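Trainee: So in our numbering, spot 75 of the sequence shown is number 438, and the numbers just go up one at a time. For each residue, glycine too, the CB sits at the ideal point set by N, CA and C. In this text, all values refer to a predicted model and were calculated from it rather than measured experimentally.
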Amino acid sequence: FCRVVRVEVGHLSCKIESLSGQDRPKVAFSAGLTNSGKVGPFNTETQLIYTKVFTNVGNTYNPNTGIFTAPVRGVYYFRFSMVSYETALLGGLNMYRNGQRILHNGQYYNAGNEYVCNGVTLHLQKGDTVYMRLPNGWAVYDDDSNHSTFSGFLLFPM
Ligand SMILES: *[C@@H]1O[C@H](CO)[C@@H](O)[C@H](O)[C@H]1NC(C)=O
Numbered sequence: 364f365c366r367v368v369r370v371e372v373g374h375l376s377c378k379i380e381s382l383s384g385q386d387r388p389k390v391a392f393s394a395g396l397t398n399s400g401k402v403g404p405f406n407t408e409t410q411l412i413y414t415k416v417f418t419n420v421g422n423t424y425n426p427n428t429g430i431f432t433a434p435v436r437g438v439y440y441f442r443f444s445m446v447s448y449e450t451a452l453l454g455g456l457n458m459y460r461n462g463q464r465i466l467h468n469g470q471y472y473n474a475g476n477e478y479v480c481n482g483v484t485l486h487l488q489k490g491d492t493v494y495m496r497l498p499n500g501w502a503v504y505d506d507d508s509n510h511s512t513f514s515g516f517l518l519f520p521m
């Protein structure tokens, strides 16, 4: 659909702007962590780099750094899933917006590999970053079954 952005009554002319076509950026990514098994534990909080890119429309997710960068101001949805490693005491991770942590989710290992999943809707400014970090002393697991993923997409510019 479109909306009228300028109407000149005297000249009976009308300019329209498309909201669903090329003017609206297409942003969606999804990536799996690794095929190599256990990640962590480390002595310091560590950036998680999801290297298995499933989708990266708009090229907003950087698979070398693990960082998503918002190309426009808007409302975005992000989610992750992760599985804990069976011999690690704690499995979980942190999500950050710019330098600020926005969630810290995890669990004690008890009965085997267990999943932690969550999602969050964020109003981002252009250039804001969103990324996942592994808390100090914690571990996560992934292999070619794609247990641990990080995904996000633009709901609408705003
Ligand atoms: C994991 O993801 C890759 C890439 O999409 C896919 O080829 C593979 O089949 C997936 N693994 C499983 C077990 O589904």
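Who does Ile430 pair with in a DSSP beta bridge?
Mentor: Ile430 is bridged to Asn425.
Trainee: Could you tell me which residues DSSP puts in a beta bridge with Cys470?
Mentor: For the sequence presented, residue 470 should be read as Gln rather than Cys. The partner list for Gln470 (beta bridge, DSSP) reads Gly454.
Trainee: When burial is assigned at 16 or more other CB atoms within 10 Å of the CB, is Val438 buried or exposed?
Mentor: By the 10 Å Cβ count, Val438 comes out exposed.
Trainee: According to DSSP, Gly400 sits in a beta bridge with which residue or residues?
Mentor: The partner list for Gly400 (beta bridge, DSSP) reads Asp505.
Trainee: Should Lys415 be listed as close to ligand 1, given that the test is whether its C-beta is under 7 Å from any heavy atom?
Mentor: Lys415: yes, Cβ under 7 Å from ligand 1.
Trainee: Between the C-alpha atoms of Asn419 and Asn406, what's the straight-line distance to the nearest angstrom?
Mentor: Distance between the alpha carbons of Asn419 and Asn406: 31 Å.
Trainee: Tell me whether Arg496 sits in a helix, a strand or coil according to DSSP, three-state version.
Mentor: Looking at Arg496 - three-state DSSP - the assignment turns out to be strand.
Trainee: Less than 7 Å between C-beta atoms, sequence neighbours within five positions excluded: which residues of the same chain meet that for Ile465?
Mentor: Cβ neighbours of Ile465 beyond the five flanking positions: Met458, Tyr459, Val483.
Trainee: Hey, would you say Val503 sits closer than 8 Å to Gly454, going by beta carbons?
Mentor: Taking 8 Å as the Cβ cut-off, Val503 and Gly454 qualify as a contacting pair.
Trainee: Measuring only the C-alpha atoms, how far is Lys415 from Met521?
Mentor: Each residue's Cα considered, the two are about 30 Å apart.
Trainee: Closer than 7 Å: is that where the CB of Gly400 sits relative to any heavy atom of ligand 1?
Mentor: Every heavy atom of ligand 1 is 7 Å or more from the Cβ of Gly400, so no.
Trainee: Go to Met445, then tell me how far its beta strand (DSSP E) extends in each direction, as first and last residue.
Mentor: First-last of the beta strand (DSSP E) with Met445: 437-446.
Trainee: My guess is that Leu411 and Arg496 are in contact by the Cβ rule of under 8 Å, so how many angstroms apart are they, rounded?
Mentor: That belief holds up - the Cβ atoms of Leu411 and Arg496 are roughly 6 Å apart, short of 8 Å.
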